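Positions 1163 to 1339 (the working numbering) are the ones given, in order, by the sequence shown.
Cβ coordinates follow ideal geometry from the N, Cα and C atoms, glycine included.
No experiment lies behind these values; they were computed from the predicted model shown.
Worksheet: one structure, shown below.
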Amino acid sequence: MFTNDIFSSLVTKYQSMMHCTALKLVKDRQIAEDIVQESWIKVMKQHIDIESIEKMGAWLRTITSRTAIDFLRKENRHHMGLLEKPELMEEHALCSCSEVDDQINWQSTLDELEECVNQSEKLHVVFQLKFKMGFDDEQIAKTLEITPSAVKTRIFRTRQLLKKNYQRKESTLKPGA
């Protein structure tokens, strides 16, 4: 059960993360704020013991993502007539997919991973080609004019960097730390 002090500390700690999550999905600041508010309402209604949640940040991010997805689906139903406009077709494809949750979660994860590998231009380029564009190792080697073993080394280093980053993030997200 949440007390005012616990709730205030959660809001202070996670509000900006939740807002960023919502903003990535809906691309509108005011709507993102509404989604975060709705997410906090959902959290309060669940009456869950705060100590039972192992990864509070991940749990709150999931609630926020699901709330944003629900919003996008609702908006999609209300604006079906607007699909005559070509600029809305990409958004429609995202919202009408039966695997919206997976697509949005995957895109959000890719964005986070990309932020992490931006530290090294070489790793960033390999990451883009391998994971965003779906190139295999040979195609990457030809594109970058490097050896396939160099590609494998860069992919290995990228994975190590990502693993290190997530271990660091996980240790900071534990409640009570």
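- The C-beta of Arg1321 has fewer than 16 other C-beta atoms within 10 Å across all chains shown, which makes the residue exposed.
- Contact check for Val1188 against Leu1234 passes: the beta carbons are separated by less than 8 angstroms.
- Annotation for Ala1184: Ala1194, Ile1197, Val1198, Thr1226 and Ala1230 place their beta carbon closer than 6 angstroms to its own, counting only its chain and skipping 5 residues before and after.
- Secondary structure note for Ser1171: its alpha helix (DSSP H) is the uninterrupted segment Asn1166 to Val1188.
- Assignment of Asn1280 by DSSP, reduced to helix, strand and coil, places it in the coil class.
- Lys1294 and Gln1208 have their C-alpha atoms some 37 angstroms from each other.
- Judged by DSSP in its simplified three-state form, Glu1300 adopts helix.
- The shortest C-alpha to C-alpha distance from Asp1299 to any of Val1287, Ile1308 and Val1313 is the one to Val1313.
- Secondary structure at Thr1309: coil, using DSSP grouped into helix, strand and coil.
- In the three-state DSSP reduction, His1286 falls in the helix class (H, G or I).
- Annotated three-state conformation of Met1206 is helix, per DSSP.
- Remark: C-beta atoms of Lys1292 and Ile1317 approach each other more closely than 8 angstroms.
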